[in-house]
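If you read the sequences in order, they're chains A and B. Just so we're aligned: 250 in our numbering is position 250 of the first sequence, and the numbers increase by one with no gaps anywhere. Heads up, our numbering is the position in the second sequence plus 1000, with the first residue counted as 1. Just so you know, even glycine gets a beta-carbon here, dropped at the ideal spot from N, CA and C. Predicted model only: the values in this text are computed from it and were never measured. This report refers to the structure that appears directly beneath it.
Number of protein chains: 2
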Amino acid sequence: MSVIYQKVALIGLGLIAGSISLAARRSGLVGQISGTARSAETRAIAKEIGLCDVVTETAAEAVRDADLVVLAVPVGVMGQIAQDIAPHLKPGATVTDVGSVKQHVVQEVGVHMPDNVHFIPGHPLAGTEHSGPRSGFAGLFEHRWCLLIPGEDTDAAALSRLRAFWEGMGAYVDVMDAEHHDLVLAVTSHAPHLIAYTMVGVADDLRRVTDSEVIQYSAAGFRDFTRIAASDPTMWRDVFLTNKDATLEILGRFTEELFALQRAIRTGDGDHLFDYFTRTRAIRRGIIEAGQDTDAPDFGRKAVKE
Amino acid sequence: MSVIYQKVALIGLGLIAGSISLAARRSGLVGQISGTARSAETRAIAKEIGLCDVVTETAAEAVRDADLVVLAVPVGVMGQIAQDIAPHLKPGATVTDVGSVKQHVVQEVGVHMPDNVHFIPGHPLAGTEHSGPRSGFAGLFEHRWCLLIPGEDTDAAALSRLRAFWEGMGAYVDVMDAEHHDLVLAVTSHAPHLIAYTMVGVADDLRRVTDSEVIQYSAAGFRDFTRIAASDPTMWRDVFLTNKDATLEILGRFTEELFALQRAIRTGDGDHLFDYFTRTRAIRRGIIEAGQDTDAPDFGRKAVKE
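Next comes the structure, spelled out in structure tokens:
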């Protein structure tokens, strides 16, 4: 593939930025990569492992002459960073982000963007429970969706260039508006994460069942929840604080449904339970057919190293 | 290894029975295996793939001369089967089961057991989202726990023989009383399954987010829930109906905690969220160190066939 952006600046050097660096280099999509992170330790690791060509102390330095700037930091600090980098952006540059919430980013970042740059928010639906500069890998975006959120006046050429960049890293790209994005993600990501965190917290709390029992006997289902409840706490705190309305709406629906199932258990309504559990099987088949999960038993995992 | 039971009878020929057959044969733990299932189709498949040496039409025939009888059917029908087989059990035989609920089985099966057999309920904490006679595999129990529930007057020799059988198939064995088992499993398995079923049902229901969006964008977290919500509906209906009290108790705790987190979101209490999400990371590390899950990102799964 050919170079799409001569210089890319990565602001924040965690799982997503690290994977972008590896994937973009592997496919020859970039000339040079600069990067920065707030923590000196992260910057030191990034230098040590060669995550970027240049690691700078500040975001303002990193974005200088960059054709693409990727904000890959928790949603809660994006506004501040946008303000910091705005005076240093190259005219004609594209600014995007990888945050899990979009209405908040559109507002908080958008307000600082100069007229002569293209601001196109984005969200790659890819990640793992690991975080930090060492956790990235080149294949993270392959066969995963990346949602782009152009505005009404977004330049078509800038949008297709950003689309080509994500496709070059192996992603499928779709375009969506910010409000719909935040609702879809509340269902497919934010509510499930909060529920997993809650269940793991309850298990951890329970006095009569010791910690070691919860851990030892986790293979009976619980361990599936612990993976997403091990995700980065800062990132997830910001997601819930900035996608409050949609998340609370879906959690309200969830509670309603949970109460109906609890009542079925209490009253011994086996038919209700059976029908419900049959219906939920179909959605799993759909996900497997869409290439978004594996059909191998237990996700094909090997719990114990061979 | 040497033969532990000359003849084993498997009642029910699904994932667990199929895996017992493969694992016990591989380790040379059994002489002969007989088996039966209620459905003619399941019996036909069992014959076709050689799941047992003999497939019989009835449970009464299958248990004749068996040294070990394994009830591997949904918890709700175990009482009826116990009544059917009781007159045909060989004196001195051991009867066990693999049900996910133990107080109910102790009562419903126990009442039918003749004095001259050893009834020792059991529960291997192993399984996948797949079910049926073709879903078993020999390694299912390796490094997984099997809980045995002896009574006060259980014969020590019969218990160590059953323990050796499970250990021969690669399992770790622990002994527990039925009430504690049902509480531990409510936390580590039953409540998580109901919660996963609920979340998948909610997503399926939501009108404004189309099915295809839920499926397409499931990699953001939701797909983890769909695996356990694809488990066998009959088995799970029976689990909830027969472990009602413990499950409802844990779901009550869960709802309480979920409401506290929802309030933190509503009031913007980021510290509460951050602290909670940090605490839940530790339990994941414990599970990985205990060899009960993999540390590979995303369970090491490959969503798309290579």
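By the CB criterion at 8 Å, A:D182 and A:N243 fall inside the cutoff. Interface with chain A (8 Å Cβ-Cβ cutoff): B:D1204 is included.
Between the region 174 to 193 of chain A and the region 136 to 156 of chain A, the count of C-beta pairs closer than 8 Å reaches three or more; the two stretches touch.
Using a Cβ distance threshold of 8 Å, A:I215 and B:I1283 count as a contacting pair. At a C-beta separation below 8 Å, A:R279 has these neighbours in chain B: G1201, D1204. With a threshold of 8 Å between beta carbons, B:T1096 makes no contact with chain A.
Neighbourhood of B:E1213 in chain A, by CB distance below 7 Å: V184, in chain order. Annotation for B:I1081: the continuous alpha helix (DSSP H) segment containing it runs 1078 to 1085.
Per DSSP, A:L183 lies in no beta strand (DSSP E) segment; the continuous alpha helix (DSSP H) that holds it begins and ends at 178 to 185.
The beta-carbon distance between B:G1136 and B:L1022, rounded to whole angstroms, is 6 Å. This is short enough to meet the 8 Å contact definition.
Close to chain A, meaning a Cβ-Cβ distance shorter than 7 Å, are the following residues of the region 1257 to 1287 of chain B: E1257, L1258, L1261, Q1262, I1265, R1266, G1268, G1270, L1273, F1274, Y1276, F1277, T1278, R1279, T1280, R1281, I1283, R1284, G1286, I1287.
Annotation for B:T1042: L1013, P1133 place their beta carbon closer than 6 Å to its own, counting only its chain and skipping 5 residues before and after. Short of 8 Å from the beta carbon of A:C52, and not among the five residues preceding or following it, lie these beta carbons of its own chain, in chain order: L10, L13, S21, I33, S34, G35, A46. If you look at B:G1035, you'll find it in the beta strand (DSSP E) that goes 1030 to 1036. Around A:I228, the beta-carbon contacts reaching into chain B at under 8 Å are G1221, D1224. The straight-line gap separating the alpha-carbon atoms of B:V1105 and B:E1257 is approximately 31 Å. For A:D298, the residues of chain B that pass the 7 Å Cβ criterion are T1128, in the order they occur in the chain. Not a single CB atom of chain A sits nearer than 8 Å to the CB of B:K1102. In the structure shown, B:P1114 falls within a coil segment according to DSSP collapsed to helix, strand and coil. Shortest Cα-Cα distance from B:S1039 to any of B:E1057, B:A1260, B:R1025 involves B:E1057. Secondary structure of A:Y217 (DSSP, three-state): coil.
Following the DSSP letters along the chain, one finds A:D174 in no alpha helix (DSSP H) but inside the beta strand (DSSP E) bounded by residues 172 to 175. B:G1170 places its beta carbon less than 8 Å from that of B:F1141. For B:D1224 and A:R64, the gap between their C-alpha atoms comes out near 41 Å. Going by DSSP, A:I287 is part of the alpha helix (DSSP H) stretching over 270 to 289. Sequence-distant Cβ neighbours of B:A1164 in its own chain, meaning closer than 7 Å and more than five residues away, are I1004.
Per the coordinates, the alpha-carbon of B:L1273 lies some 39 Å from the alpha-carbon of B:P1074. Around B:A1066, the same chain offers K1007, V1008, A1009, S1034, K1090, A1093 as residues with beta carbons nearer than 7 Å, after the five sequence neighbours per side are excluded. Annotated three-state conformation of A:L148 is strand, per DSSP. Here A:R227 is near A:E129, since their CB atoms are less than 8 Å apart.
Contact between B:I1085 and B:A1060 holds, with the beta-carbon distance rounding to 6 Å and staying under 8 Å.
For A:A62, same chain residues with a beta-carbon under 7 Å away, outside a window of 5 residues either side, are A9, I11, S34, G35, T36, T56 in chain order. The C-beta of B:R1237 comes closer than 8 Å to at least one C-beta of chain A. Taking a Cβ-Cβ cut-off of 8 Å, the neighbours of B:Y1197 in chain A comprise L261, Y276, F277, T280, given in sequence order. Distance from A:V239 to A:V101 at the Cβ level is roughly 6 Å; contact confirmed, criterion being Cβ atoms closer than 8 Å. The C-beta separation of B:R1279 from A:D204 comes to about 7 Å, placing the pair in contact by the 8 Å criterion.
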